[in-house]
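Below is one structure, written out as C-alpha cells; comments come after it.
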C-alpha cells in the first residue's frame, strides 16, 4: 500500500512538473510546514509566553468592543479598540526585546488583529450609524472587514527579495490598527458636539464613502510611515523631550480622548501624501533591483525572505 502511494505521488509530481516544475516542490514544502511543531523544544521558556499574553488581552478587548457596540455603549467600545491598538504596538516589541518570537505568536497576532481592527470597528460603525442604511451599510462594513483580512494575509505571505533598510520605515498600504482608529473619525466628531453627523442622510452617505476609502487604503500599495526605525538608538539630548511628548500625549488622550483622537487621525491622513512623496524621493535616490516595483518595497522588506528562511531553518519568525 505504501509503495502504491509513493508511486501515485511520483506519477502526480511528474504529471504536474510537465506543466510547472515548481508546483511539486511547493506541495512538499507546504506538507512539511504543516507537520512541523509549533515550538521546537518540549519545554517552552516562560518568556516565550509573555508576548502572547499581551495579544490575548488585546483580543479580549476587541471581543468586548463588539459586545459594547451591540449594546449601544459606544464610548466603551471605542476605548476597547484604542486599548487593543496600544497592546498591538507593545506585544511585538516585547517579543523582540525578550527574543520570544515564534510561529505561534505571529499567527495568533494576525488573527487577533483581524478581530480587533477588522470586525470590531465594522460592528461599531454599523451599529452607530451605517445601520440606518440597511443592506448598503452592511455591505460597506463587510468590505472594510474583508479588506483588513486581505491586508493581513498579504502581510503574512509577502515574498520578495531583500530591500534596503530604509524601506522598513514604510508599510505597503494603511496598516489595520491605524485603519481601525482612522475609520472611526466620524464617531469622534459626533462626541465633540457635532450631533448632525449621524442624523443627516447626506452625512451618512459621506461616512459610507469614507469607510470604503479607508478599506481601499488598506489593500492599496501606497507607502505609509511605519515607525519601525523609531525603536533604534536616539541621541541623548532627545531622551527627555521624547518622554515629555509621550506623557503629554497620554495625558491628552485620557483627558480629551475624542479631541485627541480626531486630531491624531487628521494628522495621520495628512502625512500619507508626505510619506508617499518621501518614499518616491528615496526610491529615486536608491534604485530598486530589476523587476521590483515601488509598491513591493515597503512591506516585503521585512516579511518575505526572513519569514520563509526562518521557517526553513527552524528559527522562529519575527512577529
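In this note's numbering, the protein residues as written are 1 to 319. We put the CB at the ideal spot given by N, CA and C, even for glycine. All figures in this text were calculated on a predicted structure; none of them were measured in a lab.
Item: So, with DSSP's three-state summary, where would you put residue 296?; Value: Low local confidence applies: a pLDDT of 46 at residue 296 is under 50, so the model's placement there is unreliable, and no value is given.
Item: Given that a residue counts as buried once 16 or more other Cβ atoms are within 10 Å of its Cβ, and exposed if not, what is residue 271?; Value: exposed
Item: Could you tell me which residues DSSP puts in a beta bridge with residue 223?; Value: 172
Item: What did DSSP end up calling residue 256 once you bin it into helix, strand or coil?; Value: coil
Item: So is residue 167 buried or exposed if we call it buried at 16+ other beta carbons inside 10 Å?; Value: buried
Item: For residue 215, which residues in the same chain have their Cβ closer than 7 Å to its Cβ, ignoring the five residues on either side in sequence?; Value: 143, 144, 147
Item: So, are the CB atoms of residue 204 and residue 124 less than 8 Å apart?; Value: no
Item: Cα-Cα, which of 53, 77, 119 is closest to residue 90?; Value: 53
Item: Distance, Cα to Cα, residue 247 vs residue 128?; Value: 31 Å
Item: Nearest by alpha-carbon distance to residue 320: which of 221, 235, 102 is it?; Value: With the chain running from 1 to 319 in the structure shown, residue 320 is simply not present.
Item: Among the candidates 182, 130, 169, 244, whose CA atom is the shortest distance from the CA of residue 226?; Value: 169
Item: Using the Cα positions of residue 48 and residue 180, report the straight-line distance between them to the nearest angstrom.; Value: 28 Å
Item: Is it true that the CB of residue 80 sits closer than 8 Å to the CB of residue 62?; Value: yes
Item: DSSP on residue 45, reduced to helix/strand/coil?; Value: coil
Item: Using three-state DSSP, classify residue 99 as helix, strand or coil.; Value: coil
Item: So is residue 251 buried or exposed if we call it buried at 16+ other beta carbons inside 10 Å?; Value: exposed
Item: Residue range of the alpha helix (DSSP H) that residue 52 falls in?; Value: 50–70
Item: Leaving out the 5 sequence neighbours to the left and right, which residues in its chain are closer than 7 Å to residue 276 when beta-carbon positions are compared?; Value: 222, 223
Item: If you drop the 5 nearest sequence neighbours on each side, which residues of the same chain put their C-beta closer than 6 Å to that of residue 261?; Value: 188
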